[in-house]
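In the numbering used here, the protein residues as written are 54 to 427.
By construction, the Cβ of each residue, glycine as well, lies at the ideal position given by its N, Cα and C atoms.
What follows is a single structure, written as structure tokens, with notes after it.
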């Protein structure tokens, strides 16, 4: 089932300010919060949907990618995602708990909002994946080796004696307005509510060890250089027995093609032909991402002619079809001529067939450039 527009989910216009987006999310989250709607699956789904919308629209970089590519910028196959439907409740609370303030007892440490033990999320990992133009055009599955921090076998935890497992400490201070109560993450355990009881040799202070893991990444067709995709749960583990793993952020790096130049979803190819080929006409094999394509050049073709091969470009991320392959014809002028060749061209200087006679239908270079970008 197709996802709803994220602006529609939050009930804001596309030009909404960050503050308006934040305010709209808070309103939706409070309306559909599990504490207000216990056992209501529909409300829980709307709560997650609002979280997904805010995770993207509340981030300037993600918002820009969504405005350009829609859901396809985040929803590649294999676990990439904008957020809400791929996160559990603790995920949402740990990332956006500050949005709610004290609306639910002041403690968004975990599911239920009542100041329970806080679930920590591990740090994200970031890698670059190089893709050829062919891989970008067809989509590809990459297997990459990632060095992750994972909990060591045999590590055990005990309840933090400072916060007694709540992950928070409460302080009461006297002010001119009366007694003020504030809560903050426990410094002793980092807000996890747990401390290491024992750990095996080789584990760090948090009970972690480094391990290599091969991660399979399915990359959809049509991605662009610099785009970031997310593989949920493949980052570093979090400390504690109830932590949530971070994510693996995959940054796309496009390898430059030898002959094809990319412009959005269109591809450009420079084809060089001789005077003889331009005058007599010929057939040529053109490099394309799907293999060779044979094209026919008519007699008398002019340098600067652009031939458009429909659908031979890069597929759209939004499944709107594919771009085109634009073949730019360039008639090559020889730099050196032998005596016989010079005599031939000298005879042709006054020949009517060799005198330039552009027709009205022959567009100038600037008109062709204008047409390309219109």
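Anticipated Cβ contact below 8 Å, residue i with residue j, distance rounded
{"i": "residue 234", "j": "residue 225", "result": "5 Å"}
{"i": "residue 190", "j": "residue 368", "result": "7 Å"}
{"i": "residue 382", "j": "residue 324", "result": "5 Å"}
{"i": "residue 345", "j": "residue 354", "result": "So it is not a contact: roughly 20 Å between Cβ atoms."}
{"i": "residue 199", "j": "residue 178", "result": "6 Å"}
{"i": "residue 277", "j": "residue 303", "result": "About 13 Å separates the two Cβ atoms, so there is no contact after all."}
{"i": "residue 297", "j": "residue 101", "result": "Not really, about 15 Å apart at Cβ, beyond 8 Å."}
{"i": "residue 103", "j": "residue 78", "result": "6 Å"}
{"i": "residue 352", "j": "residue 370", "result": "Not quite, the Cβ-Cβ distance comes to about 41 Å (not below 8 Å), so this is no contact."}
{"i": "residue 249", "j": "residue 205", "result": "Not quite, the Cβ-Cβ distance comes to about 10 Å (not below 8 Å), so this is no contact."}
Residue i and residue j closer than 8 Å at C-beta
{"i": "residue 384", "j": "residue 326", "result": "yes"}
{"i": "residue 350", "j": "residue 365", "result": "no"}
{"i": "residue 214", "j": "residue 260", "result": "no"}
{"i": "residue 203", "j": "residue 252", "result": "no"}
{"i": "residue 111", "j": "residue 67", "result": "no"}
{"i": "residue 314", "j": "residue 301", "result": "no"}
{"i": "residue 360", "j": "residue 342", "result": "no"}
{"i": "residue 376", "j": "residue 273", "result": "no"}
{"i": "residue 113", "j": "residue 63", "result": "no"}
{"i": "residue 289", "j": "residue 275", "result": "no"}
{"i": "residue 85", "j": "residue 69", "result": "no"}
{"i": "residue 201", "j": "residue 264", "result": "yes"}
{"i": "residue 244", "j": "residue 218", "result": "no"}
{"i": "residue 194", "j": "residue 271", "result": "yes"}
Where residue i sits in the DSSP three-state scheme
{"i": "residue 87", "result": "coil"}
{"i": "residue 401", "result": "helix"}
{"i": "residue 201", "result": "strand"}
{"i": "residue 238", "result": "strand"}
{"i": "residue 71", "result": "helix"}
{"i": "residue 112", "result": "coil"}
{"i": "residue 363", "result": "coil"}
{"i": "residue 137", "result": "Any reading at residue 137 must be qualified, since the residue scores a pLDDT of 42, below 50, and its modelled position is unreliable; the value itself is stated next. In this structure, residue 137 counts as helix in the three-state DSSP scheme."}
{"i": "residue 123", "result": "helix"}
{"i": "residue 264", "result": "strand"}
{"i": "residue 341", "result": "strand"}
{"i": "residue 295", "result": "coil"}
{"i": "residue 307", "result": "strand"}
{"i": "residue 393", "result": "helix"}
{"i": "residue 323", "result": "strand"}
{"i": "residue 194", "result": "strand"}
{"i": "residue 314", "result": "strand"}
{"i": "residue 169", "result": "Bear in mind that the predicted position of residue 169 carries a pLDDT of just 47, short of 50, making it too unreliable to give a figure here."}
{"i": "residue 174", "result": "strand"}
{"i": "residue 512", "result": "Here the chain comprises residues numbered 54 to 427, so residue 512 is not present and cannot be evaluated."}
{"i": "residue 80", "result": "helix"}
{"i": "residue 250", "result": "strand"}
Endpoints, alpha helix (DSSP H) assigned at residue i
{"i": "residue 62", "result": "59 to 63"}
{"i": "residue 370", "result": "Premise fails: residue 370 is in no alpha helix (DSSP H) and is neither H nor E."}
{"i": "residue 333", "result": "328 to 333"}
Endpoints, the beta strand (DSSP E) within which residue i is located
{"i": "residue 210", "result": "209 to 212"}
{"i": "residue 189", "result": "No beta strand (DSSP E) holds residue 189; the alpha helix (DSSP H) holding it covers 186 to 191."}
{"i": "residue 352", "result": "No beta strand (DSSP E) holds residue 352; DSSP gives it neither H nor E."}
{"i": "residue 284", "result": "281 to 284"}
{"i": "residue 381", "result": "378 to 384"}
{"i": "residue 375", "result": "Neither: residue 375 is in no beta strand (DSSP E) and is coded neither H nor E."}
{"i": "residue 222", "result": "221 to 228"}
Residue i at chain D interface by Cβ criterion, 8 Å
{"i": "residue 64", "result": "No chain D appears in this structure, which consists of one protein chain only."}
Closer than 7 Å: residue i CB and nearest the ligand ATP heavy atom
{"i": "residue 321", "result": "No copy of the ligand ATP occurs in the structure displayed, which carries no ligand at all."}
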